[in-house]
Amino acid sequence: MPSLESDTTPTRQEKENPGLKMALELGPLLVFFFANLRGEWLVSKFPALSALGGPLLVATGLFMAATVISLIVSKIVFKHLPVMPFVSGIVVMIFGGLSIWLQDETFIKMKPTIVNTLFGVTLLIGLLFGKSLLGYVFNAAFQLTDEGWRKLTLRWGIFFLFLAVLNEVVWRNFSDAVWVNFKVWGTMPITIAFTLAQMPLIMKHSLEPKSEDGK
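Note that the UniProt record's numbering numbers the sequence shown so that position 129 is 129, with each residue one more than the last.
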């Protein structure tokens with residue numbers, strides 16, 4: 001079993017190489033974007049890629065390869081696999097593989113929908129059973145009251161479902177180029193803006209760090 005840790009549990013290596021950590025997380029998306037943009041050129045230079053299909057499927061194949069490389073390097077350098085990229089990587093392999101095998105781009109377009117729905121539903125079901133699962137992911141970054149974790153978990157659960165719906169709207173109603181641009185350049189700024197918007201709640205419900213004697 002791979003060692004899975006939360007995305008906010010920093011190892012010594014992560015503290016020393018924050019740029020590499022960001023590159024490993026964003027790298028596969030950038031490979032996907034540029035491979036789709038220059039798909040025909042890549043096929044002309046590497047004819048074997050034509051076996052994958054059209055530009056979007058060529059980009060999908062390279063995205064899958066880049067994702068595997070990213071996870072392997074993360075495991076070697078940082079000594080663990082972050083939970084969310086690991087889960088996302090599994091879905092990339094499944095839906096990307098289906099897209100190429102069946103020559104149907106629908107599967108890779110639905111990947112963000114599946115991943116975000118999975119995260120959102122998991123968080124909300126956890127709340128129904130009295131578990132603020134987000135606390136297991138972010139408790140290394142900050143300590144909150146039980147009420148704070150519940151509110152933050154609810155917000156993130158709803159936000160993940162919002163991203164799932166938004167992805168469906170974009171890929172079903174716009175061109176492949178628009179969807180790829182949204183996936184790479186739209187989702188990240190939206191997520192960053194949402195994260196920053198949670199800071200007042202985090203500050204309001206933060207607990208004072210305990211001293212070494214537990215007081």
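We put the CB at the ideal spot given by N, CA and C, even for glycine. Please read all numbers here as calculations on a predicted model, not as lab measurements.
According to DSSP, is residue i helix, strand or coil?
i	result
Ser99	helix
Ser88	helix
Leu81	strand
Phe194	helix
Leu133	coil
Gly53	coil
Leu207	coil
Asp213	Any reading at Asp213 must be qualified, since the residue scores a pLDDT of 49, below 50, and its modelled position is unreliable; the value itself is stated next. The answer is coil: DSSP assigns Asp213 none of H, G, I, E or B.
Under DSSP, the alpha helix (DSSP H) around residue i begins and ends at which residues?
i	result
Val184	Careful: Val184 lies outside any alpha helix (DSSP H) and carries neither H nor E.
Glu40	Gly39 to Lys45
Thr153	Asp146 to Asn173
Lys204	Met199 to Lys204
Phe107	Thr106 to Leu128
Does the Cβ of residue i have 16 or more other Cβ atoms within 10 Å, making it buried, or fewer, making it exposed?
i	result
Glu212	Per-residue confidence for Glu212 stands at a pLDDT of 47, beneath the threshold of 50, marking its modelled position as unreliable; the derived number appears in the next sentence. It is exposed - the Cβ of Glu212 has fewer than 16 other Cβ atoms within 10 Å.
Ala23	exposed
Ile76	exposed
Thr179	It is worth fixing the name first, because residue 179 is Trp in this sequence and not Thr. Under this definition Trp179 is a buried residue.
Met64	buried
Asn167	buried
Leu128	exposed
Gly130	exposed
Trp41	exposed
Met203	exposed
Pro28	buried
Leu163	buried
Val115	buried
Lys21	buried
Gly120	buried
Gly39	buried
Lys111	buried
Gly19	exposed
Ser206	exposed
Ala35	buried
Leu71	buried
Which whole-angstrom value describes the C-beta separation of residue i and residue j, a residue pair presumed to lie in contact below a C-beta threshold of 8 Å?
i	j	result
Ile108	Gly89	So it is not a contact: roughly 13 Å between Cβ atoms.
Leu152	Leu196	That belief does not hold up - the Cβ atoms of Leu152 and Leu196 are roughly 13 Å apart, past 8 Å.
Ile94	Gly53	No, Ile94 and Gly53 are not in contact; Cβ-Cβ is about 17 Å, not under 8 Å.
Val184	Phe32	7 Å
Leu161	Thr117	7 Å
Glu25	Leu57	Wrong, their Cβ atoms sit about 23 Å apart, outside the cutoff.
Phe159	Phe194	6 Å
Ser132	Arg155	With a Cβ gap of about 11 Å, Ser132 and Arg155 do not count as contacting.
Indicate, with yes or no, if the ligand ZN has a heavy atom lying under 7 Å from the CB of residue i.
i	result
Ile72	Among the ligands in the structure shown, none appear at all, so the ligand ZN cannot be discussed.
Tell me, please, whether the CB atom of residue i is closer than 8 Å to any CB atom in chain B?
i	result
Leu118	In the structure shown, chain B does not exist; there is a single protein chain.
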